[in-house]
Amino acid sequence: MWEWFISFLTSVLAGIEGFVGDWGLAVIILTFIIRLLLTPLMNHSTRSTARMQVMQPKIMEIQERYADDPVRQSEELRKIYAEMKFNPLGGCLPVILQMPVFFALFSVVRDVPADACFYGILPSISTSVSAVLASSGVVAALPYIIFDLLFGVLTFLPLAMNTASQDAAARKQSLWMGGIMALMMVWFGWSCPAAVLLYYVTSSLWGVVQQRVITKRVMEKAKAEAEEAAANSPIEVDVVRREKKPRPHKKN
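All the letters of the sequence shown, read from the start, carry residue numbers 979 to 1230 under our numbering.
Dropping the structure here:
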């Protein structure tokens, strides 16, 4: 199955290259196609997340009022999730669906010509930063280094954008973790084929623009609809707190 997917992806990439005449541009176009196909799923996930944000006070009420019975608490939370059509794993699905393409590119670039380039900016999309640096020096490797640094920056940027609504302590922790992840991605990208860097940089740029423009509008609209629906037909939660018996005092 995996070999079939790699063969299919290689054929698609070669077909795009035959049309546009550049392998690097073909990788970018392939990335755009994948992100376009995932946009409806991303928007659905955004709407679901917005609805759950509206219901967050009700969720906290359930957690507080029924803290002494996790089983019943889970039942009531499932009712909320079903009513709001929320899947806790839905936000991860677009990322998960992109991962096979990301890893398949490591194999795909082995089948492209050695001189497959990106308009001369990257003389070979199958070569890594470390390989170019070792064989041709810093000047030749500079474009590859820039893309590798973008790999790290565009790992950090979406995480930083998501911390805007957090309190100072949580934001500091998130930024710290994002910085560590960005450094790890730069280290990882140092030995990645340039085609993989192109794919990730393009996909991340798309994600940043989508988050700033499309996602914001979709979320605002979904929140307004969820607030109106909650006002017209509020969800009733049948939760009863167990009476806690007083603890017996120890005799001195």
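Note that the Cβ used here is the ideal one computed from N, Cα and C, for glycine as well.
Can the beta-carbon of residue i be found closer than 8 Å to that of residue j?
i, j, result
"residue 1185", "residue 1175", "no"
"residue 1051", "residue 1040", "yes"
"residue 1316", "residue 1020", "Residue 1316 falls outside the range modelled here, since the chain spans only 979 to 1230, and no answer is possible."
"residue 1132", "residue 1183", "yes"
"residue 1118", "residue 1104", "no"
"residue 1076", "residue 985", "no"
"residue 1010", "residue 1078", "no"
"residue 1130", "residue 1161", "yes"
"residue 1037", "residue 1055", "yes"
For my contact list, residue i and residue j are in at a C-beta cut-off of 8 Å; report their separation, rounded to the angstrom.
i, j, result
"residue 1179", "residue 1128", "5 Å"
"residue 1096", "residue 1002", "2 Å"
"residue 1100", "residue 1172", "5 Å"
"residue 1152", "residue 1137", "6 Å"
Residues in the same chain with beta-carbon distance under 6 Å from residue i, minus the five sequence neighbours each way, listed in chain order, please.
i, result
"residue 988", "1086, 1089"
"residue 1230", "Unreliable placement is indicated for residue 1230, whose pLDDT of 48 sits below 50; no coordinate value is reported for it."
"residue 1015", "none"
"residue 996", "none"
Among residues of its own chain, excluding the 5 on either side of residue i, which ones have a beta-carbon nearer than 7 Å to its beta-carbon?
i, result
"residue 1170", "1106"
"residue 1081", "none"
"residue 994", "1004, 1007, 1008"
"residue 1141", "1149, 1152, 1153"
"residue 1164", "1126, 1127, 1129, 1130"
"residue 1108", "1168, 1169"
"residue 1121", "1099, 1100"
"residue 981", "none"
So residue i is in the alpha helix (DSSP H); what residue range does that whole segment cover?
i, result
"residue 1045", "Residue 1045 -> no alpha helix (DSSP H), and no H or E assigned at all."
"residue 1151", "1146-1167"
"residue 988", "980-998"
"residue 1113", "1107-1114"
"residue 1173", "1172-1187"
What does a CB cutoff of less than 8 Å around residue i pick up in its chain, not counting 5 residues either side in sequence?
i, result
"residue 1195", "none"
"residue 1139", "1186, 1189, 1190"
"residue 1000", "1095, 1096, 1097"
"residue 990", "1008"
"residue 1159", "1133, 1134, 1137"
Does residue i come out as helix, strand or coil in the three-state DSSP assignment?
i, result
"residue 1023", "helix"
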